[in-house]
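One structure is given here, and the rest of the page talks about it.
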Amino acid sequence: MSAAPLLEVAGLSCRFGGLVALNEVSLAVREGEIFGLIGPNGAGKTTLFNVISALTPPSSGRVLWRGQAITRSRPDQLSRLGLARTFQNLRLFDSLSVRDNVLVGLHRFAASPLAAGLLGSSKVRRRQRELEQRALELLALVGLAEEAQLPAASLPYGERRRLELARALATEPRLLLLDEPAAGMNPAEKNDLCELIRAIRDHFDLTVMIIEHHVPLMMRLCDRLAVLNFGERIALGTPEVVRHDSKVIEAYLGSPR
Amino acid sequence: MSAGLLQQMLIGALLGLSVYLPLRCGQLSLATPGFFAIGGTVAALLSTRIPAFAGTGATSPLPALLLEMGLGGLLAALLAWAIGGTVLRLRGIYLAIATIALVEILRVITLNLPFTGGALGIFGIPQPFATASGYAGFTLVLLALVCWLCARLEQLRLGRAMAAIRDDELAATCVGIDTAAVKLNAFVLSALLAGLTGALAAHFLNSWNAKVGSFDASITTLAFVVFGGSRTWLGPVIGGLVLTALPELLRPVGDLRLIVFGLVILLGPVLFPQGLITPQALQGLGHGLVGLGQQLRGYGHQLLERANGPRRP
């Protein structure tokens, strides 16, 4: 293994008033793996994602990106480093078309001097066409090529999830955080999503960190898992190790009386 | 309709666009009249105090007007850039209140500075155009240019980023948009546009005083955008044109005119919550025109057939 892990969380705590959402959580995500995060409702999974993506400041502890502290960065700076995420309760740009949602994801690659852009120089127009082509490729990858011109607000739920994924991929991430991507899907759709996530990981050669409630799916999908309960990391390891961990069984099933 | 009214309508449209630019990224800024006043004051001072700008007699040369518009816009843009970083951290109604305060501060400063003429203001601003039609022609060209630039902007990275911030600022920052920078850009462009419009308006109105940039003007310019629609550049243009013209066109109604005007402003948002002009409405209009064209072509063919009929053996 190379020197520093892609992402490391060290002694991270996050308190909201008296509520301890995260308590001294530490874990490391290695390049190329699919890393799962499971735990009962309110365990702090989404809070951990929010702290990693700089939306919520931690009370103490550090987040490291390839060994460098990123705790004080802004979300857009992290995006440029290669961090992308989706949201548990979908956050699309509803007034924009499906294609434009992905084009916004390509923001970083569309830089041009404002004057040249306004005047529509041939170079700018060619670049614009390349980006539109790229957006359509990404939409095709998630199966939304036909819907490119529709307003994002008009998509049904499952397609909105896939659009959010395409938008996140447009930023060319190294690490993709997926917050309950399978929520509200039936078992067949969940299986398809599983395949899609694996395909994306292999195709883009990226690292995935995923929150999901469906434990059997996570056991199949993930290389390693961390289990959170009441803000504490109670287990960490391969699915096999986590499955037999007594604390995990207790958290999910209760302790034997 | 007189050319003078047309000129006022065109200035209204330009100010509507100035309010629209920050609103496109969800920033409710009411600072437009403040920047408008700055541009006008710059033009009024330059052309009445500095002989090179004044020209001969009551006329002033066109290059001087263009230079004043540039300087007025630039000064407004500089001020926007200087305060934008701080002010734009506020959201929604708080930003609106802060920008109202800015307009008031500028008004009081203009009122009390030793060289801006106090409450009476500055008089006898020289005229680059002999007639109102001259002004209207020049402003029409300017408005067309600004509209074209706004339409281009909406297709560009910056315009898309602005719309993304309006829809969901948090998601926008997560896909790598420096939201603070984009909002500042929009604010500075808005100030630039209001400033150069002010310089033009000062010449047209012939006199300029602190009352031009007031809270009332903030609300009026906001009404342009609310009435016309804030989704695309055409909305504020239509809003600015219509709402500036309406009080004048309603003169025949007599004393009722302000009541009718008030009713229009009230009913506009009730009947068209998104404003008169929305992208969907434009699309519908486009389809409608295509349909109308096809229908007309059909009639044309029928007419031709009828006309050709008798020639048949």
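Line by line, the protein sequences are chains X and H.
The numbering of the first sequence is my numbering, which starts it at 1 and goes up by one.
The numbering of the second sequence is my numbering, which starts it at 1001 and goes up by one.
All residues carry an ideal CB built from backbone N, CA and C; glycine is no exception.
Should residue i be labelled buried (16 or more other beta-carbon atoms within 10 Å of its own) or exposed?
| i | result |
| --- | --- |
| residue 202 of chain X | exposed |
| residue 173 of chain X | buried |
| residue 1299 of chain H | exposed |
| residue 1224 of chain H | buried |
| residue 1115 of chain H | exposed |
| residue 244 of chain X | exposed |
| residue 123 of chain X | exposed |
| residue 1122 of chain H | buried |
| residue 147 of chain X | buried |
| residue 19 of chain X | exposed |
| residue 229 of chain X | buried |
| residue 16 of chain X | exposed |
| residue 1131 of chain H | exposed |
| residue 1286 of chain H | exposed |
| residue 195 of chain X | exposed |
| residue 1269 of chain H | exposed |
| residue 1045 of chain H | buried |
| residue 241 of chain X | exposed |
| residue 1033 of chain H | buried |
| residue 1042 of chain H | buried |
| residue 101 of chain X | buried |
| residue 49 of chain X | buried |
Quick check: residue i and residue j, are their CB atoms within less than 8 Å of each other?
| i | j | result |
| --- | --- | --- |
| residue 1264 of chain H | residue 1040 of chain H | no |
| residue 26 of chain X | residue 9 of chain X | yes |
| residue 207 of chain X | residue 33 of chain X | yes |
| residue 88 of chain X | residue 183 of chain X | yes |
| residue 96 of chain X | residue 104 of chain X | yes |
| residue 99 of chain X | residue 135 of chain X | yes |
| residue 1161 of chain H | residue 1007 of chain H | no |
| residue 83 of chain X | residue 175 of chain X | yes |
| residue 7 of chain X | residue 22 of chain X | no |
| residue 1218 of chain H | residue 1100 of chain H | yes |
| residue 1329 of chain H | residue 1252 of chain H | There is simply no residue 1329 of chain H to check, as chain H begins at 1001 and stops at 1313 in what is shown. |
| residue 1164 of chain H | residue 1172 of chain H | yes |
| residue 1243 of chain H | residue 1277 of chain H | no |
| residue 1088 of chain H | residue 1193 of chain H | no |
| residue 1026 of chain H | residue 1231 of chain H | no |
| residue 1133 of chain H | residue 1003 of chain H | yes |
| residue 56 of chain X | residue 1176 of chain H | no |
| residue 1069 of chain H | residue 1200 of chain H | yes |
| residue 234 of chain X | residue 215 of chain X | no |
| residue 1220 of chain H | residue 1014 of chain H | no |
| residue 1023 of chain H | residue 1195 of chain H | no |
What did DSSP end up calling residue i once you bin it into helix, strand or coil?
| i | result |
| --- | --- |
| residue 238 of chain X | coil |
| residue 223 of chain X | coil |
| residue 1067 of chain H | helix |
| residue 61 of chain X | strand |
| residue 120 of chain X | coil |
| residue 78 of chain X | helix |
| residue 1177 of chain H | coil |
| residue 37 of chain X | strand |
| residue 1150 of chain H | helix |
| residue 1208 of chain H | strand |
| residue 1140 of chain H | helix |
| residue 295 of chain X | Residue 295 of chain X cannot be examined here, being either before or after the span of chain X that is shown, 1 to 257. |
| residue 11 of chain X | strand |
| residue 1311 of chain H | Here residue 1311 of chain H scores only 49 on pLDDT, less than 50, and its place in the model is too uncertain to base an answer on. |
| residue 1 of chain X | Unreliable placement is indicated for residue 1 of chain X, whose pLDDT of 48 sits below 50; no coordinate value is reported for it. |
| residue 68 of chain X | strand |
| residue 1128 of chain H | coil |
| residue 1219 of chain H | helix |
Taking residue i and residue j to be in contact with their CB atoms under 8 Å, please state how far apart those CB atoms are, rounded to whole angstroms.
| i | j | result |
| --- | --- | --- |
| residue 1030 of chain H | residue 1082 of chain H | About 18 Å; that fails the 8 Å criterion. |
| residue 1072 of chain H | residue 1038 of chain H | 7 Å |
| residue 112 of chain X | residue 1174 of chain H | Not confirmed; about 23 Å, so no contact. |
| residue 86 of chain X | residue 221 of chain X | Not really, about 15 Å apart at Cβ, beyond 8 Å. |
| residue 212 of chain X | residue 189 of chain X | So it is not a contact: roughly 13 Å between Cβ atoms. |
| residue 73 of chain X | residue 54 of chain X | 6 Å |
| residue 225 of chain X | residue 38 of chain X | 6 Å |
| residue 957 of chain H | residue 1119 of chain H | There is simply no residue 957 of chain H to check, as chain H begins at 1001 and stops at 1313 in what is shown. |
| residue 1236 of chain H | residue 1017 of chain H | 5 Å |
| residue 1275 of chain H | residue 1240 of chain H | About 12 Å separates the two Cβ atoms, so there is no contact after all. |
If we cut at 8 Å on Cβ distances, does residue i have a partner in chain C?
| i | result |
| --- | --- |
| residue 1177 of chain H | Looking for chain C here will not work: the only protein chains present are X and H. |
Problem - Contact residues within the segment 165-192 of chain X, judged by C-beta distance below 7 Å to chain H - result: 167, 171
Handout entry: Within 8 Å of chain X by C-beta, residues of the segment 1060-1088 of chain H in sequence order
Key = none
Exercise for the section: Could you list the residues in the segment 1152-1167 of chain H with a C-beta less than 7 Å from some C-beta on chain X, going in chain order? Expected result: 1152, 1153, 1156, 1157, 1158, 1160, 1161, 1163, 1164, 1167
Exercise for the section: Could you name the residues of the segment 236-248 of chain X whose beta carbon sits closer than 8 Å to any beta carbon of chain H, in the order they occur along the chain? Expected result: none
Problem - chain H contacts from the segment 111-126 of chain X (Cβ-Cβ distance under 9 Å) - result: 111, 112, 114, 117, 118, 119, 120, 124
Exercise for the section: Please list the residues of the segment 81-100 of chain X that have a C-beta atom closer than 8 Å to any C-beta atom in chain H, keeping them in chain order. Expected result: 84, 85, 87, 91, 92, 93, 94, 95, 96, 100
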